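If you read the sequences in order, they're chains A and B.
Counting from 14, one number per residue, gives the positions in the first sequence under the numbering used here.
Counting from 14, one number per residue, gives the positions in the second sequence under the numbering used here.
Glycine included, C-beta positions come from ideal geometry on N, C-alpha and C.
Bear in mind the structure is a predicted one, so any value in this text is a computation, not a measurement.
Structure, as structure tokens:
2 protein chains.
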Amino acid sequence: MDKAFPMSKDAVRDRIIQAAKCRFSHFGYGKTTMAEVAGDCSMSPGNLYRFFPGKLDIAEAIATEDYENHLNHLRKLALAPGKSARERLHDLLFEELRRTYNKLEKDPRALEMAQVIAHQRPQFANWMLANERKILVELMDEAERRGEFLPPLDKELTAEMIQSATMKFRYPQLWSKLTLPKLERELEGVLKLLTDGLCPRRAQAAQQQSAA
Amino acid sequence: MDKAFPMSKDAVRDRIIQAAKCRFSHFGYGKTTMAEVAGDCSMSPGNLYRFFPGKLDIAEAIATEDYENHLNHLRKLALAPGKSARERLHDLLFEELRRTYNKLEKDPRALEMAQVIAHQRPQFANWMLANERKILVELMDEAERRGEFLPPLDKELTAEMIQSATMKFRYPQLWSKLTLPKLERELEGVLKLLTDGLCPRRAQAAQQQSAA
DNA sequence: ACAGTGAATATTTCATTGATCGTTCAGGAA
DNA sequence: TTCCTGAACGATCAATGAAATATTCACTGT
Numbered sequence: 014m015d016k017a018f019p020m021s022k023d024a025v026r027d028r029i030i031q032a033a034k035c036r037f038s039h040f041g042y043g044k045t046t047m048a049e050v051a052g053d054c055s056m057s058p059g060n061l062y063r064f065f066p067g068k069l070d071i072a073e074a075i076a077t078e079d080y081e082n083h084l085n086h087l088r089k090l091a092l093a094p095g096k097s098a099r100e101r102l103h104d105l106l107f108e109e110l111r112r113t114y115n116k117l118e119k120d121p122r123a124l125e126m127a128q129v130i131a132h133q134r135p136q137f138a139n140w141m142l143a144n145e146r147k148i149l150v151e152l153m154d155e156a157e158r159r160g161e162f163l164p165p166l167d168k169e170l171t172a173e174m175i176q177s178a179t180m181k182f183r184y185p186q187l188w189s190k191l192t193l194p195k196l197e198r199e200l201e202g203v204l205k206l207l208t209d210g211l212c213p214r215r216a217q218a219a220q221q222q223s224a225a
Numbered sequence: 014m015d016k017a018f019p020m021s022k023d024a025v026r027d028r029i030i031q032a033a034k035c036r037f038s039h040f041g042y043g044k045t046t047m048a049e050v051a052g053d054c055s056m057s058p059g060n061l062y063r064f065f066p067g068k069l070d071i072a073e074a075i076a077t078e079d080y081e082n083h084l085n086h087l088r089k090l091a092l093a094p095g096k097s098a099r100e101r102l103h104d105l106l107f108e109e110l111r112r113t114y115n116k117l118e119k120d121p122r123a124l125e126m127a128q129v130i131a132h133q134r135p136q137f138a139n140w141m142l143a144n145e146r147k148i149l150v151e152l153m154d155e156a157e158r159r160g161e162f163l164p165p166l167d168k169e170l171t172a173e174m175i176q177s178a179t180m181k182f183r184y185p186q187l188w189s190k191l192t193l194p195k196l197e198r199e200l201e202g203v204l205k206l207l208t209d210g211l212c213p214r215r216a217q218a219a220q221q222q223s224a225a
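In structure tokens:
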């Protein structure tokens with residue numbers, strides 16, 4: 014064994030994550046055994062438990078890594094210069110919808126992992142929602158800073174409500190068998206309702222202002 | 014046997030529904046056999062199939078009957094005199110939330126039936142949504158008639174969007190473990206967002222108008 | 001003809017069991 | 001001591017087949 018250059022703890026952790034990611038995406042979470050992951054890392058199964066409390070935590074680490082990239086992307090959209098708050102919100106929600114739809118649609122492995130984590134680690138979904146809420150608040154802060162149309166609302170609360178209202182688009186295939194184009198059309202409509210409200214006499218004004 | 018007064022076909026159908034309803038609510042859908050229902054009606058199991066295509070159709074008939082009562086109740090709320098459109102929409106959505114929450118929360122039998130029907134008869138949920146959409150449209154028609162705040166929108170489309178945005182409150186326990194009070198608070202917030210929009214400078218005006 | 005039967009059939013459900021796999025831990029190498 | 005191993009343990013899963021039950025249909029009484 015090449016113990017000449019012992020890897021740091023973090024490096025080993027990463028190695029495990031890489032091996033597991035590879036197995037999970039090829040054969041699925043359920044069909045991957047800890048022994049296989051350990052073998053890929055040239056270590057014993059028992060040793061994995063010095064780096065992760067369990068199999069699920071490896072999956073969670075993979076998901077977290079992936080999700081944090083996504084979050085950064087979303088943050089960029091939320092703060093994009095040269096776009097109105099309304100447009101940024103639009104981009105944010107659509108990006109979210111498209112990403113999850115494509116990810117879960119084409120890749121049954123990803124769907125399996127999402128389901129397992131959602132079922133065994135309910136807190137994880139809450140953590141994701143909280144992160145996105147933070148971005149929504151940042152978006153609104155930025156809008157306020159720029160003097161855009163947003164009023165002095167309780168932003169944290171408003172972010173929660175936006176999430177409630179767009180829940181349908183956050184787990185597209187969990188319960189609706191709609192196609193992406195149909196979901197997009199619906200999200201467009203809901204967003205319109207959210208920004209303009211049911212009393213859209215002022216809508217034109219707001220639209221014009223945000224388009225400016 | 015008392016063939017002196019043969020029951021009409023519809024009467025027999027009703028008898029079957031009553032017997033099944035009783036069994037289902039006492040022992041659950043899964044634990045009830047066709048033979049038992051037939052026995053309760055003093056007939057052979059085979060004879061049930063002259064009135065219903067199958068067991069699931071009996072459950073569907075029960076659910077339909079129950080749901081149609083509910084729909085009538087909702088319609089009354091949607092057209093209630095002396096209330097603003099906003100209030101009527103509020104009452105409608107809250108009644109819906111409370112009914113399903115209470116029904117599914119306290120009664121595991123009802124939950125079981127709802128799940129079986131939702132799973133085996135996906136069209137049923139669509140039919141329910143379409144009915145409620147009709148009521149939403151009636152609500153908006155009435156608002157227009159009364160000269161309330163609603164604008165000349167595509168009402169059918171708007172109804173769809175309202176449903177999308179309140180999806181979370183229509184199947185409360187399917188995926189959120191929130192308590193009824195929390196759900197109510199959230200629904201209140203979403204409704205506020207829907208009616209006032211994200212640009213609520215005119216909100217006060219609309220509120221005052223609708224409260225008048 | 002027709003309403004209804006109930007045994008026959010086809011399907012589903014359920015418990016049993018054997019194997020697999022996640023996890024632990026007593027111990028060995030460095 | 002510190003790091004790691006791999007066999008042992010117990011929970012979980014899949015395969016089996018047997019029992020239960022939904023559904024059908026040839027037949028009976030009226």
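Is the region 139–159 of chain B in contact with the region 91–104 of chain B, if contact means three or more CB pairs nearer than 8 angstroms? yes
With DSSP collapsed to three states, give me the class of Met56(A). coil
State yes or no: is the beta carbon of Leu206(B) nearer than 9 angstroms to at least one beta carbon in chain A? With 9 angstroms as the cut-off, Leu206(B) counts as an interface residue toward chain A.
So which residues of chain A does Glu173(B) contact, with C-beta pairs closer than 8 angstroms? Glu199, Gly202
Exposure of Glu81(B), with buried meaning 16 or more beta-carbon neighbours within 10 Å: By the 10 Å Cβ count, Glu81(B) comes out exposed.
Which stretch, first to last residue, makes up the alpha helix (DSSP H) that contains Pro135(A)? First-last of the alpha helix (DSSP H) with Pro135(A): 135–158.
Which stretch, first to last residue, makes up the alpha helix (DSSP H) that contains Ser177(A)? Per DSSP, the continuous alpha helix (DSSP H) segment holding Ser177(A) begins and ends at 168–178.
Using a C-beta cutoff of 9 angstroms, does Lys16(A) count as contacting chain B? Summary for Lys16(A): the model assigns pLDDT 40, below 50, so the residue's position carries little reliability, and this model does not support an answer.
Just checking: is the beta-carbon of Asp209(A) within a distance shorter than 9 angstroms of some beta-carbon in chain B? Answer yes: the Cβ-Cβ gap between Asp209(A) and chain B drops below 9 angstroms somewhere.
Mind listing the chain B neighbours of Met56(A)? Cutoff is C-beta to C-beta under 8 angstroms, in chain order. Here the premise fails: no neighbours, minimum Cβ distance about 38 angstroms.
Taking the alpha helix (DSSP H) that Arg112(A) belongs to, which residues open and close that run? 98–119
Check whether Ala178(A) and Val150(A) have beta carbons under 9 angstroms apart: no
CA-to-CA distance, Ala172(A) to Lys119(A), given in whole angstroms: 30 angstroms
Would you mind telling me which residues of chain B sit closer than 7 angstroms to Lys181(A), beta carbon to beta carbon, in chain order? Ser177, Met180
Taking buried to mean at least 16 other C-beta atoms within 10 Å of its own C-beta, is Leu206(B) buried or exposed? The residue is buried, with at least 16 neighbouring Cβ atoms inside 10 Å.
Could you check whether the Cβ of Leu170(A) sits closer than 9 angstroms to any Cβ belonging to chain B? yes
Boundaries (first-last residue) of the alpha helix (DSSP H) holding Leu191(B): That residue, Leu191(B), is in no alpha helix (DSSP H); it is neither H nor E in DSSP.
Selection from Ala24(A), Leu69(A), Pro58(A), Leu170(A) that minimises the alpha carbon distance to Phe37(A): Leu69(A)
Would a C-beta distance cut-off of 9 angstroms place Ala72(A) and Pro58(A) closer than the cut-off? No, Cβ-Cβ distance for Ala72(A) and Pro58(A) is not below 9 angstroms.
Identify the continuous alpha helix (DSSP H) that holds Phe37(A) and give its terminal residues. 22–40
Which residues bound the alpha helix (DSSP H) around Lys89(B)? It spans 68–92 - the alpha helix (DSSP H) in which Lys89(B) sits, taken as one unbroken run.
With distances taken between CB atoms, is the gap from Arg122(A) to Phe182(A) smaller than 9 angstroms? Not in contact: Arg122(A) and Phe182(A) (Cβ atoms no closer than 9 angstroms).
Please name the residue, chosen from Lys147(A), Glu197(A), Leu142(A), Phe64(A), that lies closest to Leu92(A) on a Cα-to-Cα basis. Lys147(A)
Residues near Asn144(B) by beta carbon distance below 6 angstroms, same chain, minus five either side: Leu84
Tell me whether Thr45(A) is buried or exposed, calling it buried when 16 or more other Cβ atoms sit within 10 Å of its Cβ. buried
Can you check whether the C-beta of Leu135(A) is within less than 9 angstroms of a C-beta belonging to chain B? Note on identity: in this sequence residue 135(A) is Pro, with Leu being the wrong assignment. Closer than 9 angstroms: yes.
Alpha carbon of Cys54(A) to alpha carbon of Ile75(A), nearest angstrom: Going from the Cα of Cys54(A) to the Cα of Ile75(A) covers about 16 angstroms.
Rounded Cβ spacing between Leu106(A) and Leu200(A) (contact assumed at less than 8 angstroms): 6 angstroms
Beta-carbon contacts of Gln136(A) that lie in its chain and below 8 angstroms, excluding the five residues immediately before and after: Take Gln136(A), set aside five residues on each side of it, and no residue of its chain has a beta-carbon closer than 8 angstroms to its own.
Can you list, in chain order, the residues of its chain whose CB lies under 7 angstroms from that of Ile130(A), leaving out five sequence neighbours each side? Ala72, Glu73, Ala76, Phe137
Report back the beta-carbon spacing between Tyr196(B) and Tyr62(B) to the nearest angstrom; my notes put them in contact at under 8 angstroms. Per the sequence presented here, residue 196(B) reads as Leu, with Tyr not at that position. At roughly 41 angstroms, the Cβ-Cβ gap does not stay under 8 angstroms, so Leu196(B) and Tyr62(B) are not in contact.
What would DSSP say about Lys44(A), mapped onto helix, strand or coil? coil
For Val50(A) and Gln31(A), the rounded distance between their alpha carbons: 9 angstroms
Under a Cβ-count criterion, where at least 16 other Cβ atoms within 10 Å of its own Cβ denotes burial, should Leu127(A) be classed as buried or exposed? It should be noted that the sequence gives Ala, not Leu, for residue 127(A). Burial call: buried.
Using a Cβ-Cβ cutoff of less than 8 angstroms, which residues in the same chain neighbour Arg159(B) once the five nearest sequence positions on both sides are dropped? Ala98
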